[in-house]
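Student:
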Amino acid sequence: MMIKLLNRGVVLGLTAAVLFSVAPAQTVAAADVAPLHTSVTVDGKDSKQTVTYDLNLDTVTTTDGRVAVTYDPEVLELTKAADKVNFDIEDFNSDYSDEDSKGVAFAYVNAKPKSRNGKVLHVKFAVKDWTKAQDTVIKTEVFGINNEDQEVVPATVIEDQVSVGRNKPVTPQNVTATQVVGGVEIKWTKDENADYYVVYRAKSEEGPYQKVGTSKGDSLLNVFVGQKDYYYKVVAHQTGSPSYDSEPSAPVKVTVTKLLGVIGG
Numbered sequence: 114m115m116i117k118l119l120n121r122g123v124v125l126g127l128t129a130a131v132l133f134s135v136a137p138a139q140t141v142a143a144a145d146v147a148p149l150h151t152s153v154t155v156d157g158k159d160s161k162q163t164v165t166y167d168l169n170l171d172t173v174t175t176t177d178g179r180v181a182v183t184y185d186p187e188v189l190e191l192t193k194a195a196d197k198v199n200f201d202i203e204d205f206n207s208d209y210s211d212e213d214s215k216g217v218a219f220a221y222v223n224a225k226p227k228s229r230n231g232k233v234l235h236v237k238f239a240v241k242d243w244t245k246a247q248d249t250v251i252k253t254e255v256f257g258i259n260n261e262d263q264e265v266v267p268a269t270v271i272e273d274q275v276s277v278g279r280n281k282p283v284t285p286q287n288v289t290a291t292q293v294v295g296g297v298e299i300k301w302t303k304d305e306n307a308d309y310y311v312v313y314r315a316k317s318e319e320g321p322y323q324k325v326g327t328s329k330g331d332s333l334l335n336v337f338v339g340q341k342d343y344y345y346k347v348v349a350h351q352t353g354s355p356s357y358d359s360e361p362s363a364p365v366k367v368t369v370t371k372l373l374g375v376i377g378g
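Note that my numbering has the sequence shown beginning at 114, numbered continuously upward.
#1: In angstroms, rounded to a whole number, what distance separates the CA positions of GLY339 and GLN162?
#2: For ASN85, which of helix, strand or coil comes out of DSSP?
#3: What is the rounded straight-line gap between the Cα of ASP204 and the Cα of VAL233?
#4: Using only the alpha-carbon positions, how far apart do ASP201 and LEU189 sit?
#5: Residues bridged to GLU264 by DSSP?
#6: Where does LYS346 sit, in a helix, a strand or coil, going by DSSP?
#7: State the DSSP-derived secondary structure class of TRP243, mapped to helix, strand or coil.
#8: If contact is defined by three or more beta carbon pairs under 8 Å, each pair taking one atom from either stretch, is the stretch 261 to 281 in contact with the stretch 235 to 249?
#9: Taking 6 Å as the cut-off, is the CB of GLY326 close to at least one heavy atom of the ligand MN?
#10: Using DSSP's beta-bridge definition, name the partner residues of TYR322.
#11: Terminal residues of the continuous beta strand (DSSP E) containing GLU187?
#12: Shortest alpha-carbon distance to LYS329 belongs to which of ALA349, SER354, TYR209?
#13: Reducing DSSP to helix, strand and coil, say where ASP273 ends up.
#14: Count the other CB atoms within 10 Å of the CB of ASN206; is the residue buried (16 or more) or exposed (fewer)?
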């Protein structure tokens with residue numbers, strides 16, 4: 114029997130990548146691999162997201178198993194990982210790697226068949242700063258869950274696709290320019306995906322437009338004005354690598370009828 118062939122030294126090496134050499138596994142949806150199930154959730158705002166992954170097992174009798182969970186290190190950063198198998202001998206590797214992916218892996222063996230159910234692995238990730246909106250895959254590679262000579266779960270790959278990252282800011286909406294005491298106030302509807310806004314001004318609709326200021330909010334007061342027509346455009350900016358600028362808003366016109374601000378422009 115397989116359980117009798119495994120000793121402590123072998124089991125403690127089962128999570129090394131070079132020992133995960135098995136027949137090619139079939140990629141399936143989580144719902145198709147009972148008694149094994151994955152759960153992935155995303156929490157937080159677009160600029161500060163966390164991803165929680167859980168691997169759960171229906172009630173089964175098992176003696177040994179090997180599983181790895183991999184992710185894209187360009188998108189996700191591992192912050193917490195722990196196995197919950199509670200078997201006689203366990204090996205847990207939080208620095209497992211497989212080609213372009215990183216991950217965690219665990220192997221276990223018990224001296225005799227044991228009934229097990231519930232959570233067997235809990236992993237948390239942080240979405241890396243400046244990650245643009247995209248789908249990323251968390252892959253669960255089952256290299257075998259057995260009950261002595263019987264396969265409980267054969268070699269299988271489960272792929273969970275999750276949407277993470279920040280969407281690009283939209284072109285500023287509802288832009289207005291109004292003469293107020295102190296100058297011209299430009300307003301717009303703030304987009305949570307924009308880090309700040311750049312306001313441009315021209316003396317004709319066709320331009321040229323010149324930058325007059327930036328704002329992290331939903332308005333800007335342009336104080337250097339004279340008694341004339343002005344045209345304003347607003348651009349939403351998102352910092353990061355790379356950064357992103359939205360298309361400028363349609364120009365809005367204001368006619369300054371008397372000098373209430375600082376003379377200029």
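Heads up, the beta-carbon is just placed ideally off N, CA and C, and yes, glycines get one too.
Tutor: With the structure as the only source:
#1: Indexing the sequence shown from 1 puts residue 339 at position 226. Indexing the sequence shown from 1 puts residue 162 at position 49. Those two C-alpha atoms are separated by around 46 Å.
#2: Lying before the first or after the last residue shown, residue 85 is absent from the chain, which here runs from 114 to 378.
#3: What you label residue 204 is simply residue 91 of the sequence shown in a count that begins at 1. What you label residue 233 is simply residue 120 of the sequence shown in a count that begins at 1. About 13 Å.
#4: Reading the sequence shown from its first residue, position 88 is the one you call residue 201. Reading the sequence shown from its first residue, position 76 is the one you call residue 189. Going by the C-alpha atoms only, they are around 32 Å apart.
#5: Position 151 of the sequence shown, counted from the start, is the residue given in the question as residue 264. DSSP lists ASN259 as partners of GLU264.
#6: Looking up residue 346 in the sequence shown gives position 233. Of the three classes helix, strand and coil, the one that applies to LYS346 here is strand, per DSSP.
#7: Counting from one through the sequence shown, the residue named residue 243 turns up at place 130. Coil.
#8: yes
#9: Within the structure as shown, the ligand MN is missing, as the structure has no ligands at all.
#10: Looking up residue 322 in the sequence shown gives position 209. For TYR322, which the question treats as bridged, DSSP gives no partner whatsoever.
#11: Locating residue 187 in the sequence shown gives position 74, counting from the first residue. Unbroken run through GLU187: none, as it is neither H nor E.
#12: Counted from its first residue, the sequence shown places residue 329 at position 216. Ranking ALA349, SER354, TYR209 by Cα distance to LYS329 puts ALA349 first.
#13: What you label residue 273 is simply residue 160 of the sequence shown in a count that begins at 1. Three-state DSSP puts ASP273 in a strand.
#14: In the sequence shown, the residue the question calls residue 206 occupies position 93. By the 10 Å Cβ count, ASN206 comes out buried.
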